[in-house]
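**Student:** Protein chains in written order, with my numbering: chain A, 1 to 549; chain B, 550 to 1098.
1. Where does residue 1093 of chain B sit, in a helix, a strand or coil, going by DSSP?
2. Taking 8 Å as the CB-CB limit, is residue 206 of chain A close to chain B?
3. Keeping to the same chain, check which residues put their C-beta closer than 7 Å to that of residue 958 of chain B; ignore five residues upstream and five downstream.
4. At 3 residues or longer, and completely inside the segment 375 to 410 of chain A: list those beta strand (DSSP E) runs for me, N to C.
5. Straight-line CA distance for residue 86 of chain A to residue 159 of chain A?
6. If you draw a straight line from the alpha carbon of residue 242 of chain A to that of residue 196 of chain A, how long is it in whole angstroms?
7. Quick check: is the beta carbon of residue 265 of chain A nearer than 8 Å to any beta carbon in chain B?
8. Could you check whether residue 696 of chain B and residue 1055 of chain B sit closer than 8 Å to each other, using their CB atoms as the reference points?
9. For residue 218 of chain A and residue 917 of chain B, I'd like the C-alpha separation in whole angstroms.
10. Check the Cβ of residue 463 of chain A against every Cβ in chain B and list those closer than 9 Å, keeping chain order.
11. How many angstroms separate the CA atom of residue 388 of chain A from the CA atom of residue 304 of chain A?
12. Per the contact definition of three or more C-beta pairs closer than 8 Å, is the segment 701 to 717 of chain B in contact with the segment 800 to 809 of chain B?
13. Just to confirm the assignment, what range does the beta strand (DSSP E) spanning residue 912 of chain B have?
14. Taking only the alpha-carbon atoms, compute the straight-line gap between residue 108 of chain A and residue 306 of chain A and give it to the nearest angstrom.
15. Give the straight-line distance between the Cα atoms of residue 555 of chain B and residue 821 of chain B, rounded to the nearest whole angstrom.
16. Please report the straight-line C-alpha distance between residue 428 of chain A and residue 464 of chain A, rounded to a whole angstrom.
17. Flag residue 522 of chain A as yes if its beta-carbon sits less than 8 Å from any beta-carbon of chain B, otherwise no.
18. By the 7 Å beta-carbon criterion, what residues does the segment 1023 to 1054 of chain B contribute toward chain A?
19. For residue 455 of chain A, which residues does DSSP report across the bridge?
20. Along the beta strand (DSSP E) that carries residue 721 of chain B, what are the first and last residues, could you check?
21. Give a yes or no on contact between the segment 809 to 820 of chain B and the segment 659 to 679 of chain B, applying the rule of three or more CB pairs nearer than 8 Å.
22. If you follow the beta strand (DSSP E) that residue 846 of chain B is in, where does it begin and where does it stop?
23. Considering just the uninterrupted stretch of the beta strand (DSSP E) at residue 141 of chain A, what are its terminal residues?
24. Across the segment 879 to 893 of chain B and the segment 280 to 291 of chain A, are there enough close Cβ pairs to call them in contact, namely three or more that are closer than 8 Å?
25. Could you spell out the range, first to last residue, of the alpha helix (DSSP H) harbouring residue 150 of chain A?
26. Once the 5 residues before and after residue 655 of chain B are set aside, which same chain residues still bring their CB inside 7 Å of it?
27. Going by other Cβ atoms of all chains shown within 10 Å of its Cβ, with 16 needed for buried, is residue 698 of chain B buried or exposed?
28. Quick one: residues in its chain with C-beta nearer than 7 Å to the C-beta of residue 118 of chain A, no 5 flanking neighbours on either side, listed in chain order?
29. Based on DSSP bridge pairs, tell me the residues matched to residue 473 of chain A.
30. Compare the C-beta of residue 976 of chain B against all C-beta atoms of chain A and say whether one is closer than 8 Å.
31. Using a Cβ-Cβ cut-off of less than 9 Å, give me the residues of the segment 859 to 871 of chain B that come near chain A, in sequence order.
32. Does residue 2 of chain A come out as helix, strand or coil in the three-state DSSP assignment?
33. Going along the chain, which residues of its own chain have a beta-carbon closer than 8 Å to the beta-carbon of residue 396 of chain A, five neighbours each way excluded?
34. Note down, in chain order, every chain B residue with its Cβ under 8 Å from the Cβ of residue 246 of chain A.
35. Among the residues of its own chain, which have a CB less than 6 Å from the CB of residue 345 of chain A, if the five just before and after it don't count?
36. Pick from A:468, A:227, A:142: whose alpha carbon is nearest that of residue 493 of chain A?
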């Protein structure tokens, strides 16, 4: 199953749509078998890539910036930091939302910005925003372009403001306050490596870690894989600096205050609609990987696993940092694709009543001080055991951690096979969790040849997230509409059964239509009022992000 | 030192100004000695109360509500729930800010509302706000009236909206989600007692606990004595319901989301300027008092104690729930007033280098699961020892907990002695903490016969609060101006040296003048825009609260 190197040329749609380091991923042997069985594919389907996007990128929409405007921008940032070529504009026209990847494969770039501009400093950002506000030029703040919600499109054209080229420095590691101050365009690995050298960790490891920035984390309110212990990004933010059309807002690094409501929180989740984040101060954590303890468990049912998880979170003996449950369908895939089927261990598990299609894996890792990590893990083991979970060693967790960012790479080869695959996620109280889980499965099961895996990966005292990964063969020739309809039905199902629109992906434009119904008109009107004040000319990521006008 | 029962009549200024349960408190024997020594008072000063406020309350300002308006209110709430008598209006004209208590003693009620109205339901609140918005009648939401920032005055008259009479029920204890939903007017003890019966605790125990409400806790962004473990009230809020002139805002109880910024957070710290909170859902905690472990330590200097405290908070082995340091001056008073001076233990401590004027007490209590509480306490003991602290048993902490709400009762007898006494508090990063602490002492020391005690009582990874209690004889005949000037200088000192305006008292009108300089004009303008949207006619707690127009 090795064909040809599709990555030769850098000016193709494929170059833009590929996740991450551009290495070509392929569907593994066991996974390929599973897909063939589930969706009735044959070896033939594996021979040629479907809609590979190998054509050279060309845009229909010309850049509409006037020579005078480009001149101003060049004067501010240097002409080498203003890009208006088709490839650059296409690259900054989207994130990694399935609908966008499909567009690229279909040679469709509906919403390119007019230019990509890379300011060299906070002050240059201030000048650009001031100018664009006067000229009514849209600004889309740009980080790692890993958004999966259509938040980065430029339906009004304008400028993609790239913060990663220059505004990517660590300004201060403060070991007294245990905080770091960074520029917003810094990528995860650059931050983490420097923190590690000082004995710290950022504690925030989203699936997109390798290709996302601090500014993006905050703007979309992301969550890392260890968020159960370290919190979501909004829990880590201590202070930030944002440039808005109404001026610079800079908050301070007090641990907590009671001086009105927190201003910085308006920018956590604003998705670029209020201004451009240029700096942030974050909590950091001790980097002591050798202290980490971990354990995997297997439960006979999803309900039992969830009940044990809830008990852990409500017992007040400390919390795990990584805490996951794969539901029966995800557990089944994990077993099958790891070559577990039919092994002796497999047979023993079945004999013990851990039946495939019912049984669930739970992964736990506790970090922090050495004795603490051991203490909490021991407690969790006891709770899991009391909840009828069986400890199956720490190996599976260590193995999972070793490939923790890999699943993001899997979408491209699946789409190459003509398989529609996307993820959705929700936050839900314990009370509603089983209902949302069941309803989502019921919904997906109604589509012939569709498959849904669900896991829990961010856990709280009062509830958790549910993370949905669905796969189904594309409806060839009607890929986009088919996806939109199927996606809409799944979101409806989640929301109607008591889930939130999003737990950590954000809203963007893909989920914007649900906002008013979900939050209520008065809340949306309030959000709109905040935007109107900070961005009276609606230049900040305009065109529907967050359901705002 | 027993004179006469000043509490006979209920219609006096004294009846309004007295803290709490109206029992007469007196300055204890050791404290009296200390005060005599510090401020040069004699037994003579103890014979008669200064400005006791025993006169009958009479207001100069008549109620300005029109008969038509009163009629509407009566129709909505029932006439028995509309009070316009002088005593009621005076009672709801202020909180427990020192300047207000002084006013009452001086028979001065500058800002009474026109009426006190007690709605019987959320729907009645909606009707009242709608009517008042049309009629441009000010509304001041009223809970336990324990504000110490002048947040409850009614400079524009209008209605004090009392939520405690009817809107005081527990709506649901949700043991699956581990949350409670209450009406905003419920007092601390009523909430805690009912939760205890179900095996839970609210975890929020401010000094004002006995006489403050959930709505007030959230509106002023309060912190309880165990906030280091349980968080501030804004960390406990899961969802809330607020009535604003622009409509009802109701948020949902998802554990976390990424659907724009959190709307509910705008009401945490809004101090009634945006609307009236009618309901809130809060996290609750396991009630297991027998699990609590505690320890007291003594350190040779404030700096050493702070350093040990910081190490505890940054070690990632779990956190204490109660965590306090009394600075050398507060420690000195604690020793003296408890009759410790000259005891054998006192001599031993001095011999060991714990010198009075330098040495500091640290109090720790850890709650939660039994083994967890023991584990964390053991770790803290080790850290304290390594930081040169000496463990002095758990008795002092247990003793402190037994009288945890008593210091609020002490202000009245001190003012009866003609002593000006008020508290201020700030949040500060570890980096700036010693500087703020030193500067505050230097400032107070410049006033002859003034005395400042400072403690830390709410602790975070990146910093802590500082809590200031100052005492000095009133400048008789010029009490109010003298206080205002002295207070202003202390706030200036705190802010100039890197402290926040407030950590948990809130801003009210007393600290409003610092808001714009402290937060920056752009942040205040943003807050003002939020207010303008929700309260276009400026009826919600108008007249300067939070520095808003």
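Ideal placement from N, C-alpha and C gives every residue a C-beta, glycine not left out.
**Tutor:** Taking the coordinates as given:
1. Assigned with DSSP and collapsed to three states, residue 1093 of chain B falls in coil, not helix or strand.
2. No, because no Cβ of chain B sits closer than 8 Å to the Cβ of residue 206 of chain A.
3. Around residue 958 of chain B: 568, 569, 574.
4. Listed in chain order, there is nothing to give.
5. Roughly 14 Å separates the two Cα atoms.
6. If you take the alpha carbons of residue 242 of chain A and residue 196 of chain A, they lie about 27 Å apart.
7. Chain B contact via Cβ: present.
8. For the pair residue 1055 of chain B and residue 696 of chain B, the CB atoms are nearer than the 8 Å cut-off.
9. Cα-Cα distance, rounded: 32 Å.
10. Chain B residues near residue 463 of chain A: 726, 802, 803, 804, 805.
11. Their Cα atoms are separated by approximately 7 Å.
12. They do not touch, by the three-pair rule.
13. Bounds of the beta strand (DSSP E) holding residue 912 of chain B are 909 to 915.
14. If you take the alpha carbons of residue 108 of chain A and residue 306 of chain A, they lie about 43 Å apart.
15. Because residue 555 of chain B sits at a pLDDT of 49, beneath the cut-off of 50, its placement in the model cannot be relied upon, and the following sentence gives the value as read from the coordinates. Their Cα atoms are separated by approximately 34 Å.
16. Near 6 Å, if we compare the C-alpha coordinates of residue 464 of chain A and residue 428 of chain A.
17. Chain B contact via Cβ: present.
18. Residues passing the 7 Å Cβ filter: 1049, 1050, 1051, 1052, 1053, 1054.
19. Under DSSP, residue 455 of chain A forms a beta bridge with A:326, A:467.
20. From DSSP, the beta strand (DSSP E) with residue 721 of chain B extends over 719 to 723.
21. Because the criterion of three Cβ pairs below 8 Å is not met, the segment 809 to 820 of chain B and the segment 659 to 679 of chain B do not touch.
22. Segment 842 to 848, the beta strand (DSSP E) holding residue 846 of chain B.
23. In this chain, the beta strand (DSSP E) harbouring residue 141 of chain A covers 139 to 142.
24. Contact between the segment 879 to 893 of chain B and the segment 280 to 291 of chain A is absent: fewer than 3 CB-CB pairs across the two stretches fall below 8 Å.
25. Counting along the chain, residue 150 of chain A falls outside any alpha helix (DSSP H), and DSSP gives it neither H nor E.
26. Sequence-distant Cβ neighbours of residue 655 of chain B in its own chain, meaning closer than 7 Å and more than five residues away, are 600.
27. Counting the other CB atoms within 10 Å of its CB gives residue 698 of chain B a total of 16 or more, which places it among the buried residues.
28. So the qualifying residues of the chain are 77, 81, 162, 165, 166.
29. DSSP, once it has assigned bridges, lists A:419 as partnering residue 473 of chain A.
30. Chain A contact via Cβ: present.
31. Within the segment 859 to 871 of chain B, the residues whose Cβ lies closer than 9 Å to some Cβ of chain A are 859, 862, 863, 864, 865, 866, 867, listed in chain order.
32. Model confidence at residue 2 of chain A stands at a pLDDT of 35, short of 50, so the residue's coordinates are unreliable; what they give is reported in the following sentence. Note: residue 2 of chain A maps to coil in three-state DSSP.
33. Listed in chain order, the non-local C-beta contacts of residue 396 of chain A below 8 Å within the same chain comprise 296, 361, 363, local neighbours out to five positions each way being set aside.
34. Within chain B, 1071, 1074, 1075 have C-beta atoms less than 8 Å from the C-beta of residue 246 of chain A, given in sequence order.
35. Nothing meets the Cβ criterion.
36. Out of A:468, A:227, A:142, A:468 has the C-alpha closest to the C-alpha of residue 493 of chain A.
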